[in-house]
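Numbering (the UniProt record's numbering), first residue to last: 1 to 66. To start, the structure itself, in structure tokens.
Here it is, written out as structure tokens:
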């Protein structure tokens, strides 16, 4: 559930790979994109990463990209 009370499906759930399910997959991906853009989820995740990175730098460590 997001902070606005929307219950979204778990993105880790396996999606049906059949050609018939392609429209559903596209619609689900579009719904996630719209929700992330609307709520600014990506922005505050980036803020969290920046804060963690700053803490690591202050300890003389680095965040390694994988």
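Positions of the beta carbon are idealized from the N, C-alpha and C atoms, including for glycine.
Apart from the five residues on each side of it in sequence, which residues of its chain come closer than 6 Å, Cβ to Cβ, to residue 23?
-> What you label residue 23 is simply residue 23 of the chain shown in a count that begins at 1. Apart from sequence neighbours up to five positions away, no residue of its chain approaches residue 23 with a beta-carbon distance below 6 Å.
Near residue 36, which residues of its chain fall below 6 Å by C-beta distance, leaving aside the five closest residues on each side in sequence?
-> Residue mapping note: residue 36 aligns to position 36 of the chain shown, counting from 1. Cβ neighbours of residue 36 beyond the five flanking positions: 42.
DSSP on residue 29, reduced to helix/strand/coil?
-> In the chain shown, residue 29 corresponds to position 29, counting from 1. Three-state DSSP puts residue 29 in a helix.
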